[in-house]
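In case it helps, mature numbering (1 follows the signal peptide of the UniProt record, and there is no 0) puts the sequence shown at residues -26 to -1, 1 to 299.
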Amino acid sequence: MRRALTTAVAAVAALLGSLPPTAAYAAFPERPIRIVVPVPPGGIIDQVVRIITPPMAEMLKQPIVVENRPGASGNIAASFVARSTPDGYTMLAGYSMFHVGNPVMFHKLDWDPVKDFAPVAMLVSSPHVIAVNPKLPVKTLQELVDYAKAHPNELNYATSGNGSVPHIGMELFKQRTGVQITHVPYKGAGPAIQDVLSGNVQMTVATPPSLAGFVTNGRLRPLAIAAKSRIPMLPDVPTTAEAGFPGFELEAWVALFAPAGTPQDVVAALSDAARKSLQTDKVKDALAAAGVSAWYLNPPGLDQQVRKDIDYWQPVIRKANITIE
């Protein structure tokens, strides 16, 4: 009897072992899922995650908890997720320059953007606008370049912080055009824009929602949007290509990542839930109101985008000698 039972147990174990991964993890998820956000509540990254998670939770039939872990330019959150159990129950809301730039701007990191994470899904992209104080005598991007060359080191540009997307993007612009414009970092886009409005700084680079109201009332003059196409929020603002600078695009993104080693079928389930969430009208409308566009990429597509951005942006950061430590 004992021998027969042992044989039966062994047979069942062998059968389970031979099942494909999808069958082995068919019960996922069995408990709440956590998405770690590397910034404080209220910012655009936090907003995006909170917009997409309710439909995802419905599809996965489990609650999704959004946990903010700000600090050290996102490195605290990244390190935490990288070392979490790779079971699909903890994900990171990564974003472009943090995920791509931090490994260059910080000399000592205990996480790697490629080796330590499994790409889950690209969620959104957001372009940036180059705008100036109306008192600056330029009305186009070319006029800005001409003015900057005629007045080297006289212009300043304000950004949301050292190592931010606007900062690195403008350094690329400087490298390509040869202009000499000084960076003035602030703690957030709000203070940066306020100093441009007051005239203390002549120009800024920021997301459309940050600038739209001031563009409408004439307190800021937009020169170009660094994107492939114009956007509904600022339909009269030309793209950088239309303004005579093709190939200069500055679009930030937000994406979901799981710890490396997370089973592929679990990653696929999470990615599919994100894809379906982004397709709902409610989510699309909410994202549009926040000034971002839904942009889904599956795990291989996100992996390719991360590697592409690393190859594109890290040389820019090194050439500009941008460091945070």
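The beta-carbon is built from N, C-alpha and C at its ideal position, and this holds for glycine as well.
From a predicted model like this one, the values you see are computed outputs, not experimental measurements.
Check the C-beta distance from residue i over to residue j and give it rounded, since I have them as a contact under 8 Å.
i, j, result
"residue 94", "residue 230", "4 Å"
"residue 176", "residue 130", "6 Å"
"residue 1", "residue 233", "Not quite, the Cβ-Cβ distance comes to about 19 Å (not below 8 Å), so this is no contact."
"residue 269", "residue 66", "With a Cβ gap of about 18 Å, residue 269 and residue 66 do not count as contacting."
"residue 140", "residue 179", "4 Å"
"residue 298", "residue 79", "5 Å"
"residue 142", "residue 290", "6 Å"
"residue 288", "residue 74", "7 Å"
"residue 77", "residue 84", "Actually they do not touch by this definition, with Cβ atoms about 11 Å apart."
I need the straight-line Cα distance from residue i to residue j, nearest angstrom please.
i, j, result
"residue 274", "residue 152", "36 Å"
"residue 227", "residue 181", "12 Å"
"residue 238", "residue 245", "10 Å"
"residue 51", "residue 10", "7 Å"
"residue 53", "residue 38", "20 Å"
"residue 236", "residue 30", "18 Å"
"residue 172", "residue 186", "17 Å"
"residue 209", "residue 111", "23 Å"
"residue 3", "residue 32", "12 Å"
"residue 101", "residue 19", "14 Å"
"residue 40", "residue 263", "21 Å"
"residue 214", "residue 201", "7 Å"
"residue 189", "residue 5", "46 Å"
"residue 42", "residue 125", "44 Å"
"residue 58", "residue 240", "15 Å"
"residue 250", "residue 44", "28 Å"
"residue 161", "residue 81", "22 Å"
"residue 174", "residue 211", "24 Å"
"residue 286", "residue 146", "10 Å"
For residue i, which option in the options has the closest C-alpha, if you only look at C-alpha atoms?
i, options, result
"residue 169", "187, 107, 192", "107"
"residue 70", "64, 59, 60, 47", "47"
"residue 104", "224, 255, 270", "224"
"residue 218", "74, 115, 32", "115"
"residue 21", "259, 278, 62", "259"
"residue 222", "207, 210, 240, 203", "203"
"residue 17", "287, 261, 281", "261"
"residue 123", "134, 149, 109", "149"
"residue 248", "15, 6, 5, 34", "34"
"residue 99", "212, 252, 220", "252"
"residue 68", "58, 23, 36", "23"
"residue 300", "189, 276, 288", "Since the first and last residues shown for the chain are -26 and 299, residue 300 lies out of range."
"residue 295", "118, 157, 212, 255", "157"
"residue 28", "183, 212, 15, 8", "8"
"residue 119", "167, 154, 220, 138", "154"
"residue 163", "183, 117, 174", "183"
"residue 36", "167, 121, 243", "243"
Starting from the C-beta of residue i, find all residues in its chain whose C-beta is less than 6 Å away, skip the five residues before and the five after it, and write them out in chain order.
i, result
"residue 60", "233, 235, 236"
"residue 144", "131, 179"
"residue 266", "98, 100"
"residue 254", "29"
"residue 121", "112"
"residue 63", "7"
Within a Cβ cutoff of 8 Å, which residues of the same chain sit near residue i, ignoring the five residues on either side of it in sequence?
i, result
"residue 113", "195, 197"
"residue 72", "12, 47, 48, 52"
"residue 192", "108"
"residue 292", "78"
"residue 167", "132, 178, 180, 184, 185, 188, 194"
Grab me the residues of residue i's own chain with a C-beta within less than 7 Å of its C-beta, minus the 5 sequence neighbours each way, in chain order.
i, result
"residue 279", "96, 271"
"residue 340", "This structure does not reach residue 340, given that the chain is present from -26 up to 299, and the question cannot be answered."
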